[in-house]
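A.B. asks: For what it's worth, my numbering labels the leading residue of the sequence shown as 305, then goes sequentially. Submitted below is the structure of interest, expressed as structure tokens.
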Amino acid sequence: MPADPAALLRQRAIHVTAQRLAVLRAVAASPHVTADAVADSVRREIGAISLQSVYDALALLAAEGLIRRIQPAGSPARFEDRVGDNHHHLICRVCGRTVDVDCAVAAAPCLAPSDEQGYQIDEAEVIYWGRCPDCQPRSRPSSRSAARTRRRRTRRPAARRR
Ligand SMILES: [Zn+2]
Ligand SMILES: [Zn+2]
Ligand SMILES: [Zn+2]
């Protein structure tokens, strides 16, 4: 994120408003943030803002390529300001922790389908799912308790458990 986010908006001919600047700063300060969390942070910074205004600002900034939106299965959309590098994400199934990982290939699309069927493909969306180091069991659970745990986790994917 450049020192002057207002200049960034002007470069794209986006009207600079306090709300848009605050949204951009909130995303830059907290990679993979949800719209709800952006709204909380913007409210702390500039006071009242409707969730709809936050969604509108996020949609505009994403459409202009200033932020990137990712939509992991079973999670609200998340936003980050690291754009344009085709990086991917590692997501913990247990605690939901999401981190960046460089693409092993670099340029998009980094995966080829078995049959392109005439599509001009420009991106393969890659999310690696698993368990973060903190959520890996010290000893292997029995397959029965593992299945039970998996069901519980499917209902509450973001729950932080230690
Ligand atoms: Zn975890
Ligand atoms: Zn990322
Ligand atoms: Zn890749």
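Ideal placement from N, C-alpha and C gives every residue a C-beta, glycine not left out.
Considering only their Cβ atoms, is the gap separating residue 407 from residue 414 smaller than 8 Å?
C.D. replies: Contact: yes.
A.B. asks: Mind checking which residues open and close the beta strand (DSSP E) that includes residue 394?
C.D. replies: Run containing residue 394: 392-396, per the beta strand (DSSP E) assignment.
A.B. asks: Rounded to the nearest angstrom, what separates residue 405 and residue 395 at their Cα positions?
C.D. replies: Roughly 10 Å separates the two Cα atoms.
A.B. asks: Can you tell which of 378, 322, 319 and 331 has its C-alpha closest to the C-alpha of residue 387?
C.D. replies: Among 378, 322, 319 and 331, the Cα nearest to that of residue 387 is on 331.
A.B. asks: Quick check for students: name the residue ranges of the alpha helix (DSSP H) that lie wholly in the stretch 307-394, counting only runs of 4 or more.
C.D. replies: Correct list: 309-315, 322-333, 339-350 and 355-367.
A.B. asks: I need the boundaries of the beta strand (DSSP E) containing residue 434, first residue and last residue.
C.D. replies: Unbroken beta strand (DSSP E) run through residue 434: 431-434.
A.B. asks: How is the beta strand (DSSP E) around residue 403 delimited, first residue to last?
C.D. replies: Segment 402-405, the beta strand (DSSP E) holding residue 403.
A.B. asks: Taking Cβ positions, are residue 355 and residue 339 nearer each other than 8 Å?
C.D. replies: Their beta carbons are under 8 Å apart, which means residue 355 touches residue 339 by this criterion.
A.B. asks: Suppose the cutoff is 6 Å on Cβ atoms and the five residues either side in sequence are ignored; what does the same chain contact list for residue 335 look like?
C.D. replies: Same-chain partners within the cutoff: 384.
A.B. asks: Quick one: using the 10 Å Cβ neighbour count with 16 as the cut-off for buried, is residue 459 buried or exposed?
C.D. replies: Bear in mind that the predicted position of residue 459 carries a pLDDT of just 48, short of 50, making it unreliable; the figure below should be weighed with that in mind. Classification for residue 459: exposed.
A.B. asks: Does DSSP classify residue 417 as helix, strand or coil?
C.D. replies: In this structure, residue 417 counts as coil in the three-state DSSP scheme.
A.B. asks: Using 8 Å as the threshold, is the C-beta distance between residue 364 and residue 318 below it?
C.D. replies: Their beta carbons are under 8 Å apart, which means residue 364 touches residue 318 by this criterion.
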